[in-house]
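Here UniProt numbering is used: the sequence shown runs in plain steps of one and ends on residue 497.
C-beta: ideal position from N, C-alpha, C; glycine also.
The structure displayed is predicted, hence computed values, not measured ones.
Have a look at the structure below before the remarks.
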Amino acid sequence: MSRPHPVRRPAKSPEGPARGLRRLAASALGVLALTAGLLAAGPPATAASLTQVTGFGSNPGNLSMYAYVPDALPTGAPLVLALHGCTQSAGDYHAHSGWATLADRYGFAVVYPQTNATNNANSCFNWFEAGDSARGRGEALSIKQMADKAVEQYGSDPGRVHITGLSAGGGMTANMLAAYPDVFAGGAVASGLPARCAETLTAAYTCMYSPPDRTPAQWGDLVRSAAPAGTTNWPRVAIWQGTADTTVRPANATELRDQWTNVWGVGQTPSRTRSLTGGTTATTYDDPTGRPAVEVYSVSGMAHGLAVDPGGGTEQCGATGTYYLDTICSSYHTARFWGLDGDGGESPDGPPAPARPAVTATTDTTVSVTWEAVAEAASYHVHRDGTRVGTTAATHYTDTGLAPGTTHGYTVAAVDPAGTVGSPSAAVTATTTGSPPTCHTASNYAHTVAGRAYVSGGHTYAAGSGQPMGLWNTFTVHTLLETSPGHYVIADSGCPA
Numbered sequence: 001m002s003r004p005h006p007v008r009r010p011a012k013s014p015e016g017p018a019r020g021l022r023r024l025a026a027s028a029l030g031v032l033a034l035t036a037g038l039l040a041a042g043p044p045a046t047a048a049s050l051t052q053v054t055g056f057g058s059n060p061g062n063l064s065m066y067a068y069v070p071d072a073l074p075t076g077a078p079l080v081l082a083l084h085g086c087t088q089s090a091g092d093y094h095a096h097s098g099w100a101t102l103a104d105r106y107g108f109a110v111v112y113p114q115t116n117a118t119n120n121a122n123s124c125f126n127w128f129e130a131g132d133s134a135r136g137r138g139e140a141l142s143i144k145q146m147a148d149k150a151v152e153q154y155g156s157d158p159g160r161v162h163i164t165g166l167s168a169g170g171g172m173t174a175n176m177l178a179a180y181p182d183v184f185a186g187g188a189v190a191s192g193l194p195a196r197c198a199e200t201l202t203a204a205y206t207c208m209y210s211p212p213d214r215t216p217a218q219w220g221d222l223v224r225s226a227a228p229a230g231t232t233n234w235p236r237v238a239i240w241q242g243t244a245d246t247t248v249r250p251a252n253a254t255e256l257r258d259q260w261t262n263v264w265g266v267g268q269t270p271s272r273t274r275s276l277t278g279g280t281t282a283t284t285y286d287d288p289t290g291r292p293a294v295e296v297y298s299v300s301g302m303a304h305g306l307a308v309d310p311g312g313g314t315e316q317c318g319a320t321g322t323y324y325l326d327t328i329c330s331s332y333h334t335a336r337f338w339g340l341d342g343d344g345g346e347s348p349d350g351p352p353a354p355a356r357p358a359v360t361a362t363t364d365t366t367v368s369v370t371w372e373a374v375a376e377a378a379s380y381h382v383h384r385d386g387t388r389v390g391t392t393a394a395t396h397y398t399d400t401g402l403a404p405g406t407t408h409g410y411t412v413a414a415v416d417p418a419g420t421v422g423s424p425s426a427a428v429t430a431t432t433t434g435s436p437p438t439c440h441t442a443s444n445y446a447h448t449v450a451g452r453a454y455v456s457g458g459h460t461y462a463a464g465s466g467q468p469m470g471l472w473n474t475f476t477v478h479t480l481l482e483t484s485p486g487h488y489v490i491a492d493s494g495c496p497a
């Protein structure tokens, strides 16, 4: 269908189809509107303030750029882009989200992109329009240009640029992560939508209330098709969702999890789960090195909005307001997840990571790992290639059932008596002995000529195992798996190599 709003300029004609669609969009996306006042005051006890920045590029999306830069910010500091919700502004999000407090504490700049009623009747980012959310186009390109401007002007580290957003800003954040994985090291989607969930107004309704139940691979393909061809490095993604949200349904968090775990190739089995304040459950999905790649924060009983926790405590930040809900400071935990506090993005909760993990022995099918004891630990979780493969109370573990000649990465995490899982250890790598398994699909005649099979009485048999393969001819085809040198088994139903 046609764009739901006139592009970049107010309508001057009487009521007509284009203007009617704009009003329809205002009604439809009004459910995403987070009504709040325009508060521009920065946090106390700092001379820094929110400042508008101009001249940040061609700005095809007709957006405004605002920035908060702590005093004496050193060169090479991180950068966070924070996108407001509908009917909000940069100043409003700055005053309520808590990012200014964390910028002062940890030392990074914050850029607040701001849209307007000319772009969208409710000042929503147009996350549901391909012309505004795809790489190199519209609002998405304007936001990318703001990141480039901040890196240049404030000396921010281009390798530590992050983006977050609430509701419609969260939907745009997911699209930005998909379109610009080469720009953003991490993202956080708060009460938002999966990347490329919608490209029409009608589809936006569906995504908000009943998101498509696509497979993880289908969701992941939407990201891969939006990213530059050949992309292999992906941003780390935090997902925040209230269980009582009736505007952007909690199913969106599940689809977001499926999307980004598939992009990372880590599956949908959690590496660990832990309980936080405010009725929040954090579920972590580690990459093959044991670092968190995707985290889902589910806030029990929270409606639509951004989770904040006003106060002066270490884990507190933000200010309450309409759609700023007093539960837990999501910005604090997101900053920790990204590693903006200097912890490298590992989980701050639970026992410390086990020290000095080491590989002590390998065979064709096993790897043995040891580590130093953690005083708080009741047990340890052992992960192979990002997937938990065992739990033990000892400080050693032997992984079994491996294929010869294959390489694996191992990490270990301590678990305290309450079941809280701590940060993973450094990764160690081990390669099993022997030759890796190989697969060969050919006719019985070709297998025999190659020495993978032998002939007896006009019939063919797999070398080593002696499994019967049928007549010795060029018409009978089998797949053989070489499990050890010179030993073959039939693997017609699927060859693991």
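Exercise. Is it buried or exposed for Thr433, if we count other Cβ within 10 angstroms and need 16 for buried?
Worked result: Position 433 of the sequence shown, counted from the first residue, corresponds to residue 433. It is exposed - the Cβ of Thr433 has fewer than 16 other Cβ atoms within 10 Å.
Exercise. Around the C-beta of Thr314, are 16 or more other C-beta atoms found within 10 angstroms, so that it is buried, or is it exposed?
Worked result: The sequence position of residue 314 within the sequence shown is 314, counting from 1. Exposed, by the Cβ-count rule.
For this session: Would you tell me roughly how many angstroms separate the C-alpha atoms of Asn120 and Ser493, rounded to the nearest one?
Result: Along the sequence shown, read from residue 1 onward, the residue named residue 120 stands at position 120. Along the sequence shown, read from residue 1 onward, the residue named residue 493 stands at position 493. Near 55 Å, if we compare the C-alpha coordinates of Ser493 and Asn120.
Exercise. Since His162 sits in a beta bridge, which residues does DSSP pair it with?
Worked result: As a first step, residue 162 is located in the sequence shown; it is residue number 162 there, counting from the start. Val80 and Gly186.
Exercise. Would you say Thr243 and Ser300 are within 8 Å of each other, going by their C-beta atoms?
Worked result: Counting from 1 along the sequence shown, the entry for residue 243 is found at position 243. Counting from 1 along the sequence shown, the entry for residue 300 is found at position 300. In contact: Thr243 and Ser300 (Cβ atoms closer than 8 Å).
Exercise. If you follow the beta strand (DSSP E) that Gly390 is part of, which residue opens it and which one closes it?
Worked result: For the purposes of this step, residue 390 is identified with residue 390 of the sequence shown, where counting begins at 1. Element bounds for Gly390: Thr387 to Thr392.
Exercise. Where Ala190 and Trp240 are concerned, what is the direct C-alpha to C-alpha distance, given to the nearest angstrom?
Worked result: Taking the sequence shown and counting its residues from 1, one reaches residue 190 at position 190. Taking the sequence shown and counting its residues from 1, one reaches residue 240 at position 240. Going from the Cα of Ala190 to the Cα of Trp240 covers about 5 Å.
For this session: Tell me whether the beta-carbon of Ala140 lies closer than 8 Å to the beta-carbon of Ala179.
Result: Sequence index remark: in the sequence shown, residue 140 carries index 140 (1-based). Sequence index remark: in the sequence shown, residue 179 carries index 179 (1-based). Yes, the pair counts as a contact, with Cβ atoms nearer than the cut-off.
Exercise. For Thr281, does the three-state DSSP call read helix, strand or coil?
Worked result: Working through the sequence shown from its first residue, we reach residue 281 at position 281. Thr281 falls in the strand class under three-state DSSP.
For this session: Please report how far the alpha carbon of Ala355 lies from the alpha carbon of Asp416, in whole angstroms.
Result: In the sequence shown, counting from the first residue as 1, residue 355 sits at position 355. In the sequence shown, counting from the first residue as 1, residue 416 sits at position 416. Roughly 16 Å separates the two Cα atoms.
Exercise. What three-state label does DSSP hand Val266 in the structure shown?
Worked result: As a working mapping, residue 266 is identified with position 266 in the sequence shown. Val266: coil per DSSP, three-state reduction.
Exercise. Ordered along the chain, which non-local residues of its own chain (more than five positions away) have a Cβ less than 7 Å from that of Thr75?
Worked result: In the sequence shown, the residue the question calls residue 75 occupies position 75. Gly155.
For this session: Classify Ala203 as helix, strand or coil using the three-state DSSP reduction.
Result: Here the question's residue 203 lines up with position 203 in the sequence shown. Of the three classes helix, strand and coil, the one that applies to Ala203 here is helix, per DSSP.
Exercise. Taking the alpha carbon of Leu193 as the point to measure from, which residue in Pro292, Asp258, Ala229 and Ala147 has its own alpha carbon closest?
Worked result: Numbered from 1 along the sequence shown, position 193 holds the residue referred to as residue 193. Of the candidates Pro292, Asp258, Ala229 and Ala147, the one whose C-alpha sits nearest the C-alpha of Leu193 is Asp258.
Exercise. Sorted by chain position, which residues of the same chain lie with C-beta nearer than 8 Å to Ala450's C-beta, five sequence neighbours on each side aside?
Worked result: The residue labelled residue 450 in the question sits at position 450 within the sequence shown. Once the five neighbours on either side are set aside, the close Cβ partners of Ala450 are His440 and Ala442.
Problem set entry | Supposed close pair Pro211, Asn252 - CB separation, criterion 8 Å | Numbered from 1 along the sequence shown, position 211 holds the residue referred to as residue 211. Numbered from 1 along the sequence shown, position 252 holds the residue referred to as residue 252. Their Cβ separation, rounded to whole angstroms, is 5 Å, which keeps Pro211 and Asn252 in contact under 8 Å.
Exercise. Any idea what DSSP makes of Asp92, helix, strand or coil?
Worked result: Taking the first residue of the sequence shown as 1, we reach residue 92 at position 92. Three-state result, Asp92: helix.
For this session: Tell me, to the nearest whole angstrom, how far the beta carbon of residue 500 is from that of Tyr285; I am working on the premise that it is less than 8 Å.
Result: The requested residue 500 does not occur in the structure, where the chain is confined to residues 1 to 497.
Exercise. So, using beta-carbon positions, are Ala238 and Thr334 closer together than 8 Å?
Worked result: The sequence position of residue 238 within the sequence shown is 238, counting from 1. The sequence position of residue 334 within the sequence shown is 334, counting from 1. Yes, the pair counts as a contact, with Cβ atoms nearer than the cut-off.
Exercise. By DSSP, does Met65 sit in helix, in strand, or in coil?
Worked result: Stepping through the sequence shown from its first residue, residue 65 is reached at position 65. Reduced to three states, the DSSP call for Met65 is strand.
Exercise. DSSP beta-bridge partners for residue 503?
Worked result: The structure shown does not extend to residue 503, since the chain spans only 1 to 497, so no value can be given for it.
For this session: Mark Ser97 as exposed unless 16 or more other C-beta atoms lie within 10 angstroms of its C-beta, in which case mark it buried.
Result: Position 97 of the sequence shown, counting from 1, holds the residue named residue 97. Buried, because 16 or more other Cβ atoms sit within 10 Å of the Cβ of Ser97.
For this session: Find out if the Cβ-Cβ distance for the pair Val367, Val374 is shorter than 8 Å.
Result: Position 367 of the sequence shown, counted from the first residue, corresponds to residue 367. Position 374 of the sequence shown, counted from the first residue, corresponds to residue 374. No, the pair does not count as a contact, with Cβ atoms beyond the cut-off.
For this session: Put Ala100 into one of helix, strand or coil per three-state DSSP.
Result: Residue mapping note: residue 100 aligns to position 100 of the sequence shown, counting from 1. If DSSP states are grouped into helix, strand and coil, Ala100 belongs with the helices.
For this session: If I'm right that Pro70 touches Ala48 with Cβ under 8 Å, what's the distance once you round it to whole angstroms?
Result: Counting from 1 along the sequence shown, the entry for residue 70 is found at position 70. Counting from 1 along the sequence shown, the entry for residue 48 is found at position 48. Between Ala48 and Pro70 the Cβ distance is about 5 Å, and since that is below 8 Å, they are a contact.
Exercise. Does the region 380–400 come close enough to the region 458–465 to have 3 or more Cβ pairs within less than 8 Å?
Worked result: no
Problem set entry | Where the alpha helix (DSSP H) containing Arg336 begins and where it ends | Locating residue 336 in the sequence shown gives position 336, counting from the first residue. Run containing Arg336: Ser330 to Trp338, per the alpha helix (DSSP H) assignment.
Exercise. Quick one, are the C-beta atoms of Val80 and His162 less than 8 Å apart?
Worked result: Counted from its first residue, the sequence shown places residue 80 at position 80. Counted from its first residue, the sequence shown places residue 162 at position 162. Taking 8 Å as the Cβ cut-off, Val80 and His162 qualify as a contacting pair.
Problem set entry | Expected contact under 8 Å - CB spacing of Thr283 and Glu295 to nearest Å | In the sequence shown, residue 283 corresponds to position 283, counting from 1. In the sequence shown, residue 295 corresponds to position 295, counting from 1. With a Cβ gap of about 7 Å, Thr283 and Glu295 count as contacting.
Problem set entry | Cα-Cα separation between Thr398 and Arg135, rounded to whole angstroms | Stepping through the sequence shown from its first residue, residue 398 is reached at position 398. Stepping through the sequence shown from its first residue, residue 135 is reached at position 135. Approximately 47 Å, taken between the alpha carbons.
Exercise. By Cβ distance below 8 Å, which residues in the same chain neighbour Ser435 in space, the five residues on each side in sequence not counted?
Worked result: Here the question's residue 435 lines up with position 435 in the sequence shown. The answer, listed in chain order, is Pro404, Gly405, Glu482, Ser484 and Pro485.
Problem set entry | Beta-carbon contacts of Gln52 that lie in its chain and below 6 Å, excluding the five residues immediately before and after | Taking the first residue of the sequence shown as position 1, residue 52 is located at position 52. The residues are Tyr66.
Problem set entry | Sequence-distant residues of the same chain with beta carbon closer than 6 Å to Thr431, five excluded per side | As a first step, residue 431 must be located in the sequence shown, where it is residue number 431. Same-chain partners within the cutoff: Thr407.
Exercise. Using the C-alpha atoms, what's the distance from Thr438 back to Thr448?
Worked result: As a working mapping, residue 448 is identified with position 448 in the sequence shown. As a working mapping, residue 438 is identified with position 438 in the sequence shown. Taking the straight line from one Cα to the other gives about 16 Å.
Exercise. Per DSSP, which one or two residues make a beta bridge with Leu480?
Worked result: Within the sequence shown, the letter at position 480 stands for residue 480. According to DSSP, Leu480 bridges with His440 and Ile490.
Problem set entry | Closest residue to Val489 among Leu471, Gly457, Thr476 and Ala453 (Cα-Cα distance) | For the purposes of this step, residue 489 is taken as the residue at position 489 of the sequence shown. Val489 has its Cα closest to that of Ala453, out of Leu471, Gly457, Thr476 and Ala453.
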